[in-house]
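For reference, the structure is listed below as structure tokens.
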Amino acid sequence: MTELKAIFCNKNINVREEVKKLFSNYSRKVVPNAQQTTTVINIDIRNNQEIERTCQWLQIYQYYSHINAIIDCIETFDILSIDEDKESIGGLKRLSNDDDCLLKEITKIDEVLYQHFHNLGSTHLELIKTTLEYATIVHMMKDINLYSSDGRRRFQELRDNLTTQFQLQERNNMILNSLIITYALCESFIFKAKNLEEFISRLAALLNFEENSMKHMKGKSQLEYQTCVFF
112 MTELKAIFCN KNINVREEVK KLFSNYSRKV VPNAQQTTTV INIDIRNNQE IERTCQWLQI
172 YQYYSHINAI IDCIETFDIL SIDEDKESIG GLKRLSNDDD CLLKEITKID EVLYQHFHNL
232 GSTHLELIKT TLEYATIVHM MKDINLYSSD GRRRFQELRD NLTTQFQLQE RNNMILNSLI
292 ITYALCESFI FKAKNLEEFI SRLAALLNFE ENSMKHMKGK SQLEYQTCVF F
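All the letters of the sequence shown, read from the start, carry residue numbers 112 to 342 under this note's numbering.
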């Protein structure tokens, strides 16, 4: 499993897309163009079933590779209470500490991993790593209280005013856009969760973002400066 960690944790891999590509290439080789359509359909059905099974297996290994990052994220941003932390992720900590664990042993607990994390995609896992790398951004957003009722109102007013003000100022408009995107991405890491499942559900609810969205958090010094100026 140590080798798998290096593969899955260091790259943002969309498991489903990669598996589909592999099966698609395989189907082209297996079925000559001259063969009948029914044969192709039968192979497609079998392929779809195999794709689902393969995706689930690989996603479990992907989740396993990110356990340490998930644990670090929960602890860094104090998302769970101490008691809930022990109950929810104690088993994950024990698993992550076993570097000699074999694939066949991982499959015995695949239901636990899949139950916890099946709603998370590769971009969610990448977001967890990004927030850890740029944790000061999340802490800053929390410290200036931007997610309370009053904070949301202030943010909305500022966003509306600056959007109008910066219409013809490309650079400032880009900075404002980065702040708006970062504000949305940080929200899941601001509030306490009742348990691990609530935190994961909250994170999984972030749907309309991609890897490029996280680049806005990485303009760290400029973003921190502008946030302090704005608020």
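For every residue, glycine included, the Cβ atom is placed at its ideal position computed from N, Cα and C. On a predicted model such as this, the values are computed, not experimentally measured, just so you know.
Any alpha helix (DSSP H) of 4 or more consecutive residues that is wholly inside the region 217-251: 221-228, 233-244
For residue 200, which residues in the same chain have their Cβ closer than 7 Å to its Cβ, ignoring the five residues on either side in sequence? 182, 185, 307
In the structure shown, what three-state DSSP assignment does residue 305 receive? coil
Is any non-hydrogen atom of the ligand HEM found closer than 7 Å to the C-beta of residue 207, if you look at the structure I gave you? In terms of ligand content, the structure shown is empty, and the ligand HEM therefore cannot be addressed.
My assumption, with CB atoms under 8 Å, is that residue 242 sits in contact with residue 300. Please give the rounded CB distance. 6 Å
Near residue 297, what residues of its chain come up, given a Cβ to Cβ distance below 6 Å and the 5 sequence neighbours on each side ignored? 249, 252
Rounded C-alpha distance that separates residue 259 from residue 265: 10 Å
Let me know the secondary structure DSSP gives residue 183 once reduced to three states. helix
Return the chain-ordered ranges of every alpha helix (DSSP H) run that is complete within the region 268-331 and spans a minimum of 4 residues. 281-297, 307-315
Buried versus exposed call for residue 325 [16 or more other C-beta atoms within 10 Å across all chains shown]: buried
Of all the options 239, 180, 226, which has the alpha carbon lying nearest to the alpha carbon of residue 204? 180
Which same chain residues, not among the five before or five after residue 257, have their C-beta less than 8 Å away from its C-beta? 263, 265, 266, 294, 342
So, do the region 161-181 and the region 270-282 have three or more beta carbon pairs nearer to each other than 8 Å? no
Count the other CB atoms within 10 Å of the CB of residue 146; is the residue buried (16 or more) or exposed (fewer)? Per-residue confidence for residue 146 stands at a pLDDT of 49, beneath the threshold of 50, marking its modelled position as unreliable; no derived number is given.
Taking only three categories from DSSP, how would you classify residue 257? coil
For a test of the three-state rule: what should DSSP assign to residue 208, helix, strand or coil? coil
Same chain only: Cβ atoms within 6 Å of residue 93, ignoring 5 sequence neighbours per side: Because the chain here runs from 112 to 342, residue 93 falls outside it and cannot be looked at.
Between residue 315 and residue 191, is the Cβ-Cβ spacing less than 8 Å? no
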